[in-house]
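Read left to right, the sequence shown gives residues 1 to 158 (UniProt numbering). All remarks here apply to the structure that follows.
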Amino acid sequence: MRKAKPKKRVILPDPVFNDVRVSKFVNHLMYDGKKNTSYTIFYSALELVKAKLPNEEKTALEIWKKALENVTPQVEVKSRRVGGATFQVPTEIRPDRKESISMKNLILYARKRGGKTMADKLAAEIVDAFNDQGGAYKRKEDMHKMAEANRAFAHFRF
1 MRKAKPKKRV ILPDPVFNDV RVSKFVNHLM YDGKKNTSYT IFYSALELVK AKLPNEEKTA
61 LEIWKKALEN VTPQVEVKSR RVGGATFQVP TEIRPDRKES ISMKNLILYA RKRGGKTMAD
121 KLAAEIVDAF NDQGGAYKRK EDMHKMAEAN RAFAHFRF
């Protein structure tokens with residue numbers, strides 16, 4: 001885009017926890033504009049998380065935030081063409097993109113899981129991410145391994 005940067009849209013906090021990150025997560029979770037359904041799924045998933053980890057002193061929201069933190073990648077590889085060869089160049093990720101990637105990965109791997117309802121699957125994925133396991137956590141580890149393997153090409157950073 002040659003002209004001005006597009007304006008960042010203001011996302012309103014969610015009604016229960018009054019947290020903007022919850023709203024962003026629910027927006028990623030949403031299909032076909034069904035935001036109420038998304039909120040229902042998210043809140044019931046948090047209830048299930050609380051039921052699965054009864055001896056944890058943290059609240060369900062804190063567990064979810066820790067799970068998101070655990071699946072947040074720090075570096076990613078981007079393809080860069082130099083002299084006819086394509087290199088995978090490791091680059092740092094912007095903070096807003098980190099948050100978005102972690103949310104999308106958590107939801108993606110929750111959807112791939114086996115389970116009855118989406119709330120069940122999401123709760124299971126959150127618990128796994130909290131315990132440093134599960135699909136989303138493995139995805140982050142793979143991204144870090146790729147970046148580490150291609151560290152020699154870091155000087156091609158753009």
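Note that CB positions come from ideal geometry on N, CA and C, so glycine has one too. Note that the coordinates shown come from a computational prediction; the quantities given were computed from them, not determined experimentally.
DSSP three-state assignment for residue i, whether helix, strand or coil
i, result
"Arg21", "helix"
"Pro90", "strand"
"Val10", "coil"
"Ala85", "strand"
"residue 162", "Lying before the first or after the last residue shown, residue 162 is absent from the chain, which here runs from 1 to 158."
"Glu76", "strand"
"Tyr31", "coil"
"Lys58", "coil"
CB contact check: residue i to chain D, cutoff 8 Å
i, result
"Trp64", "No chain D is part of this structure, which consists of one protein chain only."
For residue j and residue i, the rounded distance between their alpha carbons
i, j, result
"Arg139", "Pro90", "16 Å"
"Phe130", "Val10", "29 Å"
"Arg113", "Val127", "13 Å"
"Asp19", "Ser38", "15 Å"
"Thr40", "Ala152", "46 Å"
"Ala154", "Val22", "35 Å"
"Phe156", "Glu69", "29 Å"
"Thr86", "Arg80", "6 Å"
"Thr72", "Asp142", "12 Å"
"Met118", "Gly135", "16 Å"
"Ile101", "Ile93", "10 Å"
"Phe58", "Ala45", "The question names Phe, but residue 58 in the sequence shown is Lys. Cα-Cα distance, rounded: 16 Å."
"Pro6", "Arg97", "16 Å"
Residue from the options whose Cα sits closest to the Cα of residue i
i, options, result
"Glu99", "Ala119, Arg2, Asn27 and Gln88", "Asn27"
"Asp14", "Lys58, Pro95 and Phe42", "Phe42"
"Phe25", "Leu122, Arg81, Arg80 and Thr59", "Leu122"
"Tyr137", "Lys104, Lys116 and Arg2", "Lys104"
"Asn150", "Ala51, Leu53, Val82 and Gln88", "Gln88"
"Val16", "Lys8, Glu47 and Ala51", "Glu47"
key: Touching by the beta-carbon criterion (3+ pairs, under 8 Å), the region 20-37 and the region 75-82   = No, because fewer than three Cβ pairs between the region 20-37 and the region 75-82 fall closer than 8 Å, the two stretches do not touch.
key: Inter-stretch contact at 8 Å, needing at least 3 Cβ pairs: the region 136-152 / the region 50-66   = Cβ pair count under 8 Å is below three, so no.
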